[in-house]
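J.:
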Amino acid sequence: MASIQIKHLASSPPRSGRCLQRYNSGFRLVVGCIPYRRTSENISSLQAQEDLEVLLITSQKSPKMMFPKGGWELDEDIELAASRETLEEAGVVGSLGVKLGEWTFKSNSQEKFHKGSMFTLLVKEELDDWPEKNFRQRVWMPIKEAREACVHPWMIEALDAFVQTNALVHEQS
240 MASIQIKHLA
250 SSPPRSGRCL
260 QRYNSGFRLV
270 VGCIPYRRTS
280 ENISSLQAQE
290 DLEVLLITSQ
300 KSPKMMFPKG
310 GWELDEDIEL
320 AASRETLEEA
330 GVVGSLGVKL
340 GEWTFKSNSQ
350 EKFHKGSMFT
360 LLVKEELDDW
370 PEKNFRQRVW
380 MPIKEAREAC
390 VHPWMIEALD
400 AFVQTNALVH
410 EQS
């Protein structure tokens with residue numbers, strides 16, 4: 240049901256404005272995902288990190304690389320918001336996984352602080368058309384390269400949490 244609801248948004252314009260944004264103690268609440276895919280079907284716990292790629296996107300205003308994220312709105316739960324933002328900005332849909340954590344960070348464009356929550360998203364489909372296609376580029380890259388390319392320290396911490404979470408999953412398999 241949720242994936243049908245998310246895919247329907249691909250043909251809609253991206254949400255904009257702040258009138259439906261969630262705030263907590265003055266912090267704007269934002270959510271996003273670390274979209275990933277496996278590059279090999281034969282994964283052992285020793286190869287787990289090497290057999291993964293993550294998807295970064297450019298900022299709307301510059302070639303700076305980051306993971307998709309945006310405002311969590313009043314009319315959606317946190318999981319739907321994370322999936323919606325990832326579809327709007329990166330044009331991918333998939334299986335939403337674990338919440339990696341929460342980070343407090345200062346907005347680059349405003350003098351305000353935000354609280355960001357990040358999830359994992361195993362990508363099942365890359366769309367040819369998506370709401371922000373004309374404003375962003377998406378690039379698949381290995382985790383090590385993504386750590387170097389991502390401009391936001393809090394997102395690099397989320398990527399580190401992703402690596403730890405993924406390693407634990409493979410140790411248990």
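Under my numbering, the first residue of the sequence shown carries the number 240, and numbering increases by one thereafter.
Ideal Cβ positions, reconstructed from N, Cα and C, are used throughout, including at glycine.
In angstroms, rounded to a whole number, what distance separates the CA positions of D399 and K354?
T.: Computed Cα separation, rounded: 18 Å.
J.: Per DSSP, what kind of secondary structure is T404 in: helix, strand or coil?
T.: helix
J.: When burial is assigned at 16 or more other CB atoms within 10 Å of the CB, is P302 buried or exposed?
T.: Per the 10 Å Cβ criterion, exposed.
J.: Does the Cβ-Cβ distance between I273 and F401 come in under 7 Å?
T.: yes
J.: Quick check: the Cα distance between V390 and Y275, rounded to an integer number of angstroms?
T.: Those two C-alpha atoms are separated by around 18 Å.
J.: Output yes or no for whether 7 Å exceeds the beta carbon distance between Q413 and T297.
T.: The chain is shown only over 240 to 412; residue 413 falls outside these bounds and no answer can be derived.
J.: For M394, does the count of other Cβ atoms within 10 angstroms reach 16, so buried, or fall short, so exposed?
T.: buried
J.: Please work out which residues of its chain come closer than 7 Å, Cβ to Cβ, to A321, disregarding the five sequence neighbours upstream and downstream, and give them in chain order.
T.: V270, G271, C272, L335, F358
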